[in-house]
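In the working numbering, the protein residues as written are 1455 to 1543.
Quick reminder that beta carbons are idealized off the backbone N, C-alpha and C, glycines included.
All values reported here derive from a predicted model rather than from experimental measurement.
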């Protein structure tokens, strides 16, 4: 079973772009975005199972320079907005 998750990051000030550029190099990362608020970066990731997600976060993400804190949110269900649905006549 595939696992989708959002990983939220607090990073060293001024390194948001650098961290995003490093994250998108990982095959598990579908998208990485700089955000405003309590966290600095969010990445949407896909792994084969929970074990692979744990390895990804523990062994890859936490070794990215300037990552201070991570918080992982597993997606239970997705809903697509109108702009992402196929257009119909």
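Annotation: the continuous beta strand (DSSP E) that includes residue 1458 extends over 1457-1465. In the DSSP assignment, residue 1513 falls outside any beta strand (DSSP E), carrying neither H nor E. Each residue's CA atom was taken as its position, placing residue 1507 and residue 1463 some 15 Å apart. Straight-line spacing of the CA atoms in residue 1473 and residue 1521 works out to 7 Å. Listed as beta-bridge partners of residue 1487 by DSSP are 1496.
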